[in-house]
Structures are given as C-alpha cells and as structure tokens.
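Peer 1: Quick one: the structure is below, questions incoming.
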Amino acid sequence: MKKLTIVIILWLCLPLSGITGEKSGDHSTYVQHVEQAFILMFQGDNLKAISEFEAALAIEPDHPEILHYLGMAYAEETFWNKAVESCQRSLVLMPENIEALYSLGVVYFRLDQWADAAGTLQRVIGLSPQHARGYEMLGKSLVKLRRYAEAVPILKKALTLTPRAAGLYHELGTAHLNLKAYPEAIENFKQAIEYGPTGYAEPHYGLGTAYFRLGDREKSRTEMQIYQRLQKQFAEYERLTRLTRAEPNNLEAWTELATLLMNQKNFAKAVQVFQRCIELAPNNANFYHGLSRAFMNLNYPKHASEAARKAVQLMPNQAILYNTLGSTYAMQGESQKAISAFQKAVELDSEEPYYHLNLSRLYQGMGNQKLAQEHYRVYEYLLSKQK
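In our numbering, the protein residues as written are 289 to 675.
Quick look at the structure:
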C-alpha cells in the first residue's frame, strides 16, 4: 500500500515543475488533499478520505485515478449511487481503466443491477483475460440473472485463477443445481464446505436441496439440519458481537461469545475474545483454560502452556486444568512434564477415563509398554462403567 501511495503522489507532483504563481499554489493544495486522502483511506477513515478527495477534485477535476479512488471510498461507505457517478467520470477520462471498470461492475452488483454489472464485467475480462476477480463477479452476476449455462464456464475459469475459493464453488454448485446437474452441484457444494470458513451455512442448504431432488430424503434432512444450526449460530454470533460493541465491559456477553467461537472451531477469534475476558476478569482460571485450548487448536503449544500454567495457579485443584497442561507439554515433546501433569489430573480425579488414556498414549510413545497397558486397561474399565 505504501509503495502505491508514493508512486501516485509522485506522479501527481510531476506537473509542479511547469507551474508557477497562483496555479502552482493551487496544485500544491490539490496534492496535499490527495496525500491526506490516501493516508485516511489506508487508515480506514473513508468518510474523511472522501472529503479530502472531493476537495482535491474541486481544484483539479480531471484526474481519472483520483476519481476512481473516490468511487472506492464511496463504495466502502455504501454510497452506491455516488460511487457509480465517480467511476463513470473516471471512465470518461480513461475508458480502458480496468480497475475502474471492475469497481463499477461491483457497485452495479451491490445495487442489484446485475445486467449492468454483467456488461461492465464482460469489458473487464475482455481487456484483461486473466482478471480473476472480474470472472468471479461476472459469474455471480450471471447466476443472479439466472443465466446459469453462461455462468458455469465463467466460474470454472475463475476457479482456475483462484483455486480453493469457497464462494466460487458455492456459486458453481448453485448454477449446476438450477441446470438440474445434481451430481456436479453436490460435488461443488462439498468443495465449498471443505474450503470455506467455519460455520459456512449456505452450501449445506444447496446440498440438502440437491439430495432432495435426487430423492435421498435422509441426506437432505441431515444437510438442512446442519444449515439451520449454522444459521442459528451465525445469528447468535451477530447478536453477541453487537452486544459486546455496545457494552464493551459486559463480561457475560464476552463469555458467551468465547463459548460460541470454540463450538464453531473459530479458534483465532476465540483467542482474541478470551484475552478480552481476561482483561475484564484477570483471576478467572476458566478464561485461561479456554485460551490454552484455543492456542492448542491453532498449534501454538508454547502459548497454550503459559495459559494453562496460569489456570493451574489460579485453580490448583481442578483435574481438567492439569490434563490440558499435560497436553500442551506433550505437544512440545516435554514428556516428563506431561506425565507429571497427567498424573496430577488422575490424582485429583481417578474416575475420568480420558486422563488414563492420555497417560497410556504418552507411555506408549516413550516405549514403556507395561505402564501404557496398565493405564489403557483402566481407561477401558472406566469407559465401560459409563455406558
């Protein structure tokens, strides 16, 4: 980003050598507005960036690149009609500005003007045949227009340029579904789930629909149940996110959000939320324990150990905390420390089968078959008692 800013600003300053007097002063003011606009835009303050771009263009209105950036800033703030106007002004001055064309196509898409979006994005890929984002948005526009047969090759081309893109697989699955090509739809929806983020609900709905149309009611019901569960989780996530923004010291809301994220296996966000919980309640062992588990799932055993040790210090008589601590040590290859922690867990709760299983596996890895078998037999016995 910084490199781009410097290049643009230097280009804008080039005419200075040929400008004198009042015009030179005006151009200098123009450049200052543009520089400030880019700084604000890269900081995420689009509203102030818009004001600076507008002030610059009031001085020198015929800069296609700056008009394009103004359009992008408008779009970021969902001022869609202003974004259209700004991009169109840019294209009058530079008709083959590929990125301005792409931005205009995206804005048309957001305005549900899918025919205009498709026409604009066709121009993008015509000018730039390897423009991955152009193919993606064109494919989505054609799906919205129900031109499914046309969408399929466009989306396939997009996937050759950006493999493993979950959203593209979902769109391609949707196109195949509407073309009654159900096996292809199922394959693409499965790919969308595989490559998509945790909690990606929509492909499950597509799968459920495809299975239903193929007559497989059981699979259809399963996928629809997953879809409904993920939709509920997403709604709860949105509610808790809004609540924590509105009430940043609401510990109960942060705790619920952390639990939800762990259930969704969204461990990176869970780390951030547990850290916020610890800021609000620094002596709560459960938050350190949750943080440790999140770090373990992200494969950061050192950080996980630090959090688990803190949890043990705060609550030294909880077996599960020692079990988690032992697991973090085992991940780092510190077998003796792991054994000590697991033994402490067993000492505090000898009826929990999985503590014995962890000891059995650790002894097995160390070559101590006798102790491995002893703990495994205890594990099997305790497990049978729970049935």
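The beta carbon of each residue, even a glycine, is placed where N, CA and C say it ideally should be.
Let's see if you can read the secondary structure: which residues bound the alpha helix (DSSP H) around K658?
Peer 2: Locating residue 658 in the sequence shown gives position 370, counting from the first residue. Here the alpha helix (DSSP H) through K658 covers Q657 to Q674.
Peer 1: With H, G and I counted as helix, E and B as strand and the rest as coil, what does DSSP make of D404?
Peer 2: The residue given as residue 404 occupies position 116 in the sequence shown. In the structure shown, D404 sits in a helix (DSSP, three-state: H, G or I).
Peer 1: Where do the N-terminal and C-terminal ends of the alpha helix (DSSP H) with F522 fall, by residue?
Peer 2: By one-based count along the sequence shown, residue 522 stands at place 234. Per DSSP, F522 belongs to the alpha helix (DSSP H) from R505 to A534.
Peer 1: State the Cα-Cα distance for the pair T450 and L415, rounded to the nearest angstrom.
Peer 2: For this step, residue 450 is matched to residue 162 along the sequence shown. For this step, residue 415 is matched to residue 127 along the sequence shown. Spanning the two alpha carbons is a distance of roughly 19 Å.
Peer 1: Between the segment 468-480 and the segment 513-530, can you find at least three pairs of beta-carbon atoms closer than 8 Å?
Peer 2: No, the segment 513-530 is not in contact with the segment 468-480.
Peer 1: Where Q418 and R564 are concerned, what is the direct C-alpha to C-alpha distance, given to the nearest angstrom?
Peer 2: Against the sequence shown, residue 418 aligns to sequence position 130. Against the sequence shown, residue 564 aligns to sequence position 276. Going from the Cα of Q418 to the Cα of R564 covers about 43 Å.
Peer 1: Given this structure, state the Cα-to-Cα distance separating L328 from S378, to the nearest angstrom.
Peer 2: Position 40 of the sequence shown, counting from 1, holds the residue named residue 328. Position 90 of the sequence shown, counting from 1, holds the residue named residue 378. L328 and S378: Cα-Cα distance of roughly 21 Å.
Peer 1: Do A541 and L528 have their beta-carbon atoms positioned less than 8 Å apart in this structure?
Peer 2: As a working mapping, residue 528 is identified with position 240 in the sequence shown. As a working mapping, residue 541 is identified with position 253 in the sequence shown. Taking 8 Å as the Cβ cut-off, L528 and A541 qualify as a contacting pair.
Peer 1: Measuring only the C-alpha atoms, how far is L613 from L586?
Peer 2: Along the sequence shown, one-based indexing puts residue 613 at 325. Along the sequence shown, one-based indexing puts residue 586 at 298. Using only the alpha carbons, I get a separation of about 15 Å.
Peer 1: Could you please give the first and the last residue of the uninterrupted alpha helix (DSSP H) stretch that includes M603?
Peer 2: Working through the sequence shown from its first residue, we reach residue 603 at position 315. Neither: M603 is in no alpha helix (DSSP H) and is coded neither H nor E.
Peer 1: How long is the line joining the alpha carbons of L568 and E506, rounded to whole angstroms?
Peer 2: Locating residue 568 in the sequence shown gives position 280, counting from the first residue. Locating residue 506 in the sequence shown gives position 218, counting from the first residue. Roughly 46 Å between the two C-alpha positions.
Peer 1: Does DSSP classify G496 as helix, strand or coil?
Peer 2: Counting from one through the sequence shown, the residue named residue 496 turns up at place 208. Three-state result, G496: helix.
Peer 1: Nearest-angstrom Cα distance between E490 and K432?
Peer 2: The residue labelled residue 490 in the question sits at position 202 within the sequence shown. The residue labelled residue 432 in the question sits at position 144 within the sequence shown. C-alpha separation (whole angstroms): 15 Å.
Peer 1: Among residues of its own chain, excluding the 5 on either side of E387, which ones have a beta-carbon nearer than 8 Å to its beta-carbon?
Peer 2: In the sequence shown, the residue the question calls residue 387 occupies position 99. H356.
Peer 1: Under the rule that 16 or more other beta-carbon atoms within 10 Å means buried, what is E535, buried or exposed?
Peer 2: Residue mapping note: residue 535 aligns to position 247 of the sequence shown, counting from 1. Exposed: under 16 other Cβ atoms inside 10 Å.
Peer 1: Going by DSSP in three states, R434 sits in which element: helix, strand or coil?
Peer 2: Reading the sequence shown from its first residue, position 146 is the one you call residue 434. Here R434 sits in coil by DSSP.
Peer 1: Looking at Y488: is its Cβ nearer than 8 Å to the Cβ of A498?
Peer 2: On the sequence shown, position 200 is the one that residue 488 refers to. On the sequence shown, position 210 is the one that residue 498 refers to. No, they are not a contact pair.
Peer 1: Is E310 helix, strand or coil by DSSP?
Peer 2: Stepping through the sequence shown from its first residue, residue 310 is reached at position 22. Residue placement at E310 cannot be trusted, given a pLDDT of 46 that sits under 50; the coordinates are not used to answer.
Peer 1: Where does F367 fall in DSSP's three states?
Peer 2: Counting from one through the sequence shown, the residue named residue 367 turns up at place 79. The answer is coil: DSSP assigns F367 none of H, G, I, E or B.
Peer 1: Quick check on the burial criterion: 16 or more other C-beta atoms within 10 angstroms. Buried or exposed for N369?
Peer 2: Mapped onto the sequence shown, residue 369 falls at position 81. Looking at its Cβ environment, which holds fewer than 16 other Cβ atoms inside 10 Å, N369 is exposed.
Peer 1: Excluding the 5 residues flanking K632 on each side, which residues of the same chain have their C-beta closer than 7 Å to its C-beta?
Peer 2: To locate residue 632, count along the sequence shown from 1; it is residue 344. Result list for K632: Y610, in chain order.
Peer 1: Would you grab the beta carbon distance between H644 and Y617 for me? Rounded to a whole angstrom, and I think it's under 8 Å.
Peer 2: Here residue 644 is taken as the residue at index 356 of the sequence shown, counted from 1. Here residue 617 is taken as the residue at index 329 of the sequence shown, counted from 1. No, H644 and Y617 are not in contact; Cβ-Cβ is about 17 Å, not under 8 Å.
Peer 1: Among E364, S672 and L647, whose alpha-carbon lies nearest the alpha-carbon of Y664?
Peer 2: Locating residue 664 in the sequence shown gives position 376, counting from the first residue. The shortest Cα separation from Y664 among E364, S672 and L647 belongs to L647.
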